[in-house]
Amino acid sequence: MAIELVCPAGSLPALKTAVDAGADCVYVGLKDATNARNFTGLNFDDRALTDGIAYAHDRGAKVLLALNTYPRSDNWTRWTTAVDTAAERGIDALILADPGLMRYAMRTHPALRRHLSVQGSATSYEAINFYHEHFGIQRAVLPRVLSLAQVEQVIAHTPVEIELFGFGGLCVMVEGRCALSAYATGESPNCNGACSPGKYVRWQQTTAGMEARVNGILIDRFAADERAGYPTLCKGRFDVGGETYYAIEEPTSLNTLELLPEIARIGVAAIKIEGRQRSPAYVGQVTRVWRQAIDRAAREHDRFRPDAAWLRELAQVSEGQSQTLGAYHRPWK
Amino acid sequence: MKLALGPLLYYWTRKRVLDFYDEVAAAPVDIVYLGETVCSRRHELRLPDWMDIGGRLAAAGKEVVISSRTLIESESDLKTLRRITGQSHFRVEANDMAAVRLLAGSEGWIAGPSLNVFNDHTLGMLVELGARRFVAPPEMSGEALAQVLATHGRPLETEVFAFGRLPLAYSARCFTARHFNLQKDNCGFRCIEFEDGLALDTRDGRPFLTINGIQTQSARVHNLLGDLPALADAAVGVLRISPQARHTAAIAALFADALGGRRAAREAFDASRPLMPAEACNGFWHGRAGIDEYVA
């Protein structure tokens, strides 16, 4: 089985770009808190969703809808309405995190594929098989936690297809188990689909440098010669034991291109590119590179080596302009 | 309302842990959660040791629960988990869906705070699978919790994280090892040096977070002593106190006094201030940023 390339789109133009550049699947979200990239100006209304699905299907690509935040009892119907709408519009699969919502989708639209979102925090085959047995999950997206040897172990013990993050912004925390943004701002990835939301960010030039604050909390301070990155809470510099450093994680991107032969060998079903919040240009660039890489890896297996030009191109669009293999490579931990 | 002592989140020496639970045996808590929930590398105590402590606490009249790990990565993690779910002496707190799978169909386990139960549909499903107590996610507000319980509609013992530094995030990476430029596989178990975790401050010197191995906690101490009347109104049945290096038993006594009507809630809160390692917060309960101390 060829590895599927799953690409992000925060808008209809990004979706079209991804499809044209060779994405097998494009994943999208609606314009509200039902997905984990609930950012102003981003995402799909009903019209864009309908047009996007038609555009993709005409060209042999699939569209997946991320409904991967956790509904509360008082706003539950917004999520179930989204499930129903997506099913009516002909979406190819739902990406879900909440077990209650999975059960709703399974009972209401049994023929519609259900994927377990990375926000479901399933890091073992026991957890994945739980979702499979109870909600018929056909694919699971793994949190960026396991080494490739551990991923292989998961694949050996589950009938569920496994999707891995291959490229893009890196959550250093287990997705679905991070309340840092909720703690700092009251808005959380789990319930609001937001992390370190822009409306809480303040930039201020001071004599000590350019300060970036989230809800008044100083996340980093940049000297004139430093590139000031977005103040994601876990990617700031802090003081620990008298040292100032990136105490949790540097602003860096995940890039697993060089691991492709190993990823293919252990039986990974799909590779996900992060970045629904990024521009259509980013989506196009990254999709083109990964399309070529996956196709070449399928032909060359262990002889596969990434093109230097691909790596240069990916490096240009990386957050913080540095890259890591993340948890797939053990020393990162 | 019952009082529970949550699992010890820090890594202390074996002797320190044993002494701590000797003290807990005499403290006014009804339920004690035991076990290592944070890191698979911590080994001062192993499951049989926790079972021994559990036996002594049960003999002292406590309800004992064994808590499972929050982040399961390896086959060896699963083996440990199966030993926990396979024992029949004590109830088990499931902190991951892997544990839920292994416990499903047995009666009386506890749905732990990291399961992301935010609505009555998911809660109802866990109850069908045998959960008999539910610990709300720490980020859930009192109002949202009341709605979940009202729509669930059936009586269910509900527990709230009521005191301690908030467990906020988990990672494959160990941030204590990172601080010492060590890899996790050769971490030297340096987290044992920080009895209440390692302080992470902003560059302008304000306490923000606490590093505890692979877990990130708040710097502030989440403290709902002043909110006890609202907790009672929300049908909360159990209050969780998270162990800290000092004064844990005294904190439990303040909760017990406030619940027993021997002290006003706000007065108990004021008395707790000198017993905490940092400033208080309670924003989560009020639907605000967790770091906020809400003053009604």
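Chains as they are written, first to last, in this note's numbering: chain A, 1 to 333; chain B, 334 to 629.
Backbone N, C-alpha and C fix where the C-beta goes; we use that ideal spot for every residue, glycine too.
Keep in mind it's a predicted model, so treat the numbers as computed, not measured.
Counted as a single uninterrupted DSSP element, the stretch harbouring B/Asp429 is not any beta strand (DSSP E), since DSSP gives it neither H nor E.
Per DSSP, A/Cys191 is one residue of the alpha helix (DSSP H) stretching across Pro189 to Asn192. When only Cα atoms are considered, A/Ser322 and B/Asp355 end up about 50 Å apart.
Three or more Cβ pairs closer than 8 Å define a contact, and the segment 160–169 of chain A meets that threshold against the segment 141–148 of chain A. For the pair A/Gly22 and A/Thr287, the CB atoms are nearer than the 8 Å cut-off. Counting along the chain, B/Tyr344 sits inside no alpha helix (DSSP H), nor does DSSP assign it H or E at all.
At a cut-off of 8 Å between C-beta atoms, A/Leu146 counts as an interface residue with respect to chain B.
Proximity of the segment 425–440 of chain B to the segment 113–131 of chain A meets the contact definition, three or more beta-carbon pairs being nearer than 8 Å.
Going by DSSP, A/Val141 is part of no alpha helix (DSSP H) but of the beta strand (DSSP E) stretching over Arg139 to Val141.
Chain-order list of chain A residues neighbouring B/His422: empty, with the shortest C-beta distance near 22 Å, by a criterion of under 8 Å.
According to the DSSP assignment, A/Tyr55 belongs to the alpha helix (DSSP H) that extends over Asp46 to Asp58. Inter-residue distance for A/Ala122 and A/Ala97 is about 10 Å (C-alpha atoms, whole angstroms). In this structure, the beta-carbon distance from A/Phe238 to B/Leu533 falls below 8 Å. According to the DSSP assignment, A/Gln205 belongs to the beta strand (DSSP E) that extends over Val201 to Thr206. A/Cys7 is bridged by DSSP to A/Val26. Residue range Pro280 to Glu300 is occupied by the alpha helix (DSSP H) that includes A/Val283, with no beta strand (DSSP E) assigned at that position. Contacts with chain A (Cβ-Cβ distance below 9 Å) from the segment 577–597 of chain B involve no residue at all. A/Glu249 and A/Val172 do touch by the CB rule: their CB atoms are close to 4 Å apart, below 8 Å. Look at the beta carbons and you see the segment 10–19 of chain A touching the segment 31–46 of chain A: at least three pairs across the two are nearer than 8 Å. Sequence-distant Cβ neighbours of A/Glu4 in its own chain, meaning closer than 7 Å and more than five residues away, are Asp24, Cys25, Ala269 and Ala270. By the beta-carbon neighbour count (other beta carbons within 10 angstroms, threshold 16), A/Ala82 is buried. Contact of A/Cys195 with chain B is not assigned, every C-beta pair being separated by 8 Å or more. If you draw a 10 Å sphere on the C-beta of B/His512, you find 16 or more other C-beta atoms in it, and that means buried.
Proximity of A/Asn215 to chain B, defined by a Cβ-Cβ separation below 8 Å, is satisfied. At a beta-carbon threshold of 7 Å, the residues of chain A lying near B/Leu411 are Ser124 and Glu126, ordered along the chain. Put simply, of B/Phe541, B/Phe508, B/Met458 and B/Lys395 the residue whose alpha carbon is nearest the alpha carbon of A/Phe135 is B/Met458. Taking 8 Å as the cut-off, the beta carbon of B/Leu572 is found no closer than this to the beta carbon of B/Ala464.
Put simply, the segment 470–480 of chain B touches the segment 492–506 of chain B. At least three CB pairs are less than 8 Å apart.
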